[in-house]
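Student: I have a structure here, written as structure tokens, and I will follow up with some questions on it.
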Amino acid sequence: MAEEIMIADIRQKSRFRFAPSPNGALHLGHALSALLNHDMAAAEQGDFLLRIEDIDINRCTPELERAILDDLHWLGLGWDGPVRRQSEHLAHYRAALDRLIAEDLAYPAFLTRGDVKAQVAAAEQVGAAWPRDPDGAPHYPGEDRGLDANVRGRRIAAGDRHAWRLDMQAALARIKQPLAWTESGEAERGEIEADPSAWGDIVLWRADAPSSYHLSVVLDDALQGITHVVRGLDLYHATSVHRLLQVLLGLPAPLYHHHRLVLADDGRKLSKSNGDAGLAALRDTGASPLDIRRLVGL
């Protein structure tokens, strides 16, 4: 109840957030998102918050987080309030997962990536069309969804490796209202119809990392009172899933603004792993914060 009161109080003011993951160096695409969030918050006399999405404990490091903070300071960006680190709030995400499990909306999924790949390959080899999500990944097969509760319990007790997935069919059956979000970004604008079924049974909690992006991001946005989510077009379709989780968990819906992506010369999306247009590297070549604004079209 205390968190609900806090959410209601802080949502009286516009609140924006930049939420990088410390698993690589910031590049020009991150700079565009950070600068847009900062500038839009300033235009509305709202708050600009910084969240560090460090759920992936195998790839996220304190050194990379410090590099992110250095880059943001160099860009001239400050933020309101303390930095929120997801790794410090795992209990919130687990409580939400437990609620979905208790409501029979989540199930343990025991198939490995290799198992799924083999099933998809076998089906497609005989000409069957396997459903894929908007990012091109195949939907998870359905057999685990119908496992007997006693079988599930025995397998978990035996230590069988598993993730927790949303039962999309069951979740959609609970929704008694049209799902949509309000969009003001680079794609369609206005009320956008959400289609979470396109994603299949999404992962909520991974075997190799606590929580998932989808679950943690909607909880963080609610707990921080975020009113405007400004992020890249690569997450446009994922908003359908986020709206579904918001309704299932009784969370408020922010306004969404999905901005254009900064692409490499060959048309690729910039990548941390490839070191594309890294801010630190650009700074070392003599670029200024004003140069960065020009490079990202601001």
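Just so you know, the sequence shown maps onto residues 1 to 298 in the UniProt record's numbering.
Glycine included, every Cβ here is placed at the ideal spot set by N, Cα and C.
Between ASP56 and the rest of its own chain, which residues show a CB-CB distance below 8 Å, the 5 nearest in sequence each way excluded?
Tutor: For this step, residue 56 is matched to residue 56 along the sequence shown. The answer, listed in chain order, is SER21, ASN23, ALA209.
Student: Between the C-alpha atoms of ALA129 and GLU88, what's the straight-line distance to the nearest angstrom?
Tutor: Reading the sequence shown from its first residue, position 129 is the one you call residue 129. Reading the sequence shown from its first residue, position 88 is the one you call residue 88. Computed Cα separation, rounded: 42 Å.
Student: Do VAL217 and HIS257 have their C-beta atoms closer together than 8 Å?
Tutor: Position 217 of the sequence shown holds residue 217. Position 257 of the sequence shown holds residue 257. Not in contact: VAL217 and HIS257 (Cβ atoms no closer than 8 Å).
Student: Which residue from ARG113, ASN37, ALA280, ALA157 puts its Cα closest to that of THR227?
Tutor: Looking up residue 227 in the sequence shown gives position 227. It is ASN37 whose Cα lies nearest to the Cα of THR227.
Student: Report back the beta-carbon spacing between LEU50 and PHE16 to the nearest angstrom; my notes put them in contact at under 8 Å.
Tutor: The residue given as residue 50 occupies position 50 in the sequence shown. The residue given as residue 16 occupies position 16 in the sequence shown. The pair is not a contact, with the Cβ atoms about 10 Å apart (cut-off 8 Å).
Student: Beta carbon of LYS111, beta carbon of PRO141: below 8 Å?
Tutor: Within the sequence shown, residue 111 is the residue found at index 111, counting from 1. Within the sequence shown, residue 141 is the residue found at index 141, counting from 1. Per the sequence shown, the amino acid found at residue 111 is Leu instead of Lys. Their beta carbons are under 8 Å apart, which means LEU111 touches PRO141 by this criterion.
Student: So for ILE175, helix, strand or coil by DSSP?
Tutor: What you label residue 175 is simply residue 175 of the sequence shown in a count that begins at 1. Correct three-state label for ILE175: coil.
Student: Rounded to whole angstroms, how far is the Cβ of LEU97 from the Cβ of LEU204, which I believe are closer than 8 Å?
Tutor: On the sequence shown, residue 97 is found 97 positions in, with the first residue counted as 1. On the sequence shown, residue 204 is found 204 positions in, with the first residue counted as 1. Going by Cβ atoms, the distance from LEU97 to LEU204 rounds to 6 Å, so yes, they are a contact pair.
Student: So, are the CB atoms of ALA198 and TYR236 less than 8 Å apart?
Tutor: In the sequence shown, residue 198 corresponds to position 198, counting from 1. In the sequence shown, residue 236 corresponds to position 236, counting from 1. Contact: no.
Student: Can you give the beta carbon distance from GLY297 to LEU261, rounded, assuming they're within the 8 Å contact cut?
Tutor: Reading the sequence shown from its first residue, position 297 is the one you call residue 297. Reading the sequence shown from its first residue, position 261 is the one you call residue 261. In fact, because the Cβ distance is near 11 Å, the residues do not count as touching under 8 Å.
Student: Check whether the Cβ atoms of ALA34 and LEU75 sit closer than 8 Å, and answer yes or no.
Tutor: By 1-based counting over the sequence shown, the position of residue 34 is 34. By 1-based counting over the sequence shown, the position of residue 75 is 75. Yes, these two residues count as a Cβ contact at 8 Å.
Student: Since GLY81 and HIS139 are thought to touch, with beta carbons under 8 Å apart, how far apart are those beta carbons, to the nearest angstrom?
Tutor: Stepping through the sequence shown from its first residue, residue 81 is reached at position 81. Stepping through the sequence shown from its first residue, residue 139 is reached at position 139. Actually they do not touch by this definition, with Cβ atoms about 39 Å apart.
Student: In the DSSP assignment, find the alpha helix (DSSP H) that holds ASP291 and state where it starts and stops.
Tutor: Mapped onto the sequence shown, residue 291 falls at position 291. Per DSSP, ASP291 belongs to the alpha helix (DSSP H) from 289-295.
Student: Using 8 Å for Cβ pairs, my map puts ARG145 next to LEU249. What's the rounded Cβ distance?
Tutor: What you label residue 145 is simply residue 145 of the sequence shown in a count that begins at 1. What you label residue 249 is simply residue 249 of the sequence shown in a count that begins at 1. Their Cβ separation, rounded to whole angstroms, is 20 Å, which puts ARG145 and LEU249 out of contact at 8 Å.
Student: Relative to the alpha-carbon of PHE48, which residue among ALA280, ILE292, VAL230 has its alpha-carbon at the smallest distance?
Tutor: Against the sequence shown, residue 48 aligns to sequence position 48. For PHE48, the nearest C-alpha among the options comes from VAL230.
Student: Measuring straight from C-alpha to C-alpha, what distance separates LEU147 and GLY46?
Tutor: Taking the sequence shown and counting its residues from 1, one reaches residue 147 at position 147. Taking the sequence shown and counting its residues from 1, one reaches residue 46 at position 46. Taking the straight line joining both Cα atoms gives about 48 Å.
Student: Report the rounded CA-to-CA distance for TYR107 versus SER240, giving the unit in angstroms.
Tutor: By 1-based counting over the sequence shown, the position of residue 107 is 107. By 1-based counting over the sequence shown, the position of residue 240 is 240. Their Cα atoms are separated by approximately 20 Å.
Student: Helix, strand or coil for LYS13, going by three-state DSSP, please let me know.
Tutor: Counted from its first residue, the sequence shown places residue 13 at position 13. Coil.
Student: Going by beta carbon distance, what residues of the same chain come within less than 6 Å of LEU255, once the five residues before and after it are set aside?
Tutor: Sequence index remark: in the sequence shown, residue 255 carries index 255 (1-based). Within the same chain, LEU255 has close Cβ partners THR182, HIS228.
Student: Taking just the CA atoms, how far does VAL83 sit from LEU72?
Tutor: Counted from its first residue, the sequence shown places residue 72 at position 72. Counted from its first residue, the sequence shown places residue 83 at position 83. Cα to Cα, the separation comes out at about 13 Å.
Student: What first and last residue would you give for the beta strand (DSSP E) that runs through VAL230?
Tutor: The residue you call residue 230 lines up with position 230 of the sequence shown. Run containing VAL230: 228-232, per the beta strand (DSSP E) assignment.
Student: Is DSSP giving GLY190 helix, strand or coil here?
Tutor: As a working mapping, residue 190 is identified with position 190 in the sequence shown. Here GLY190 sits in strand by DSSP.
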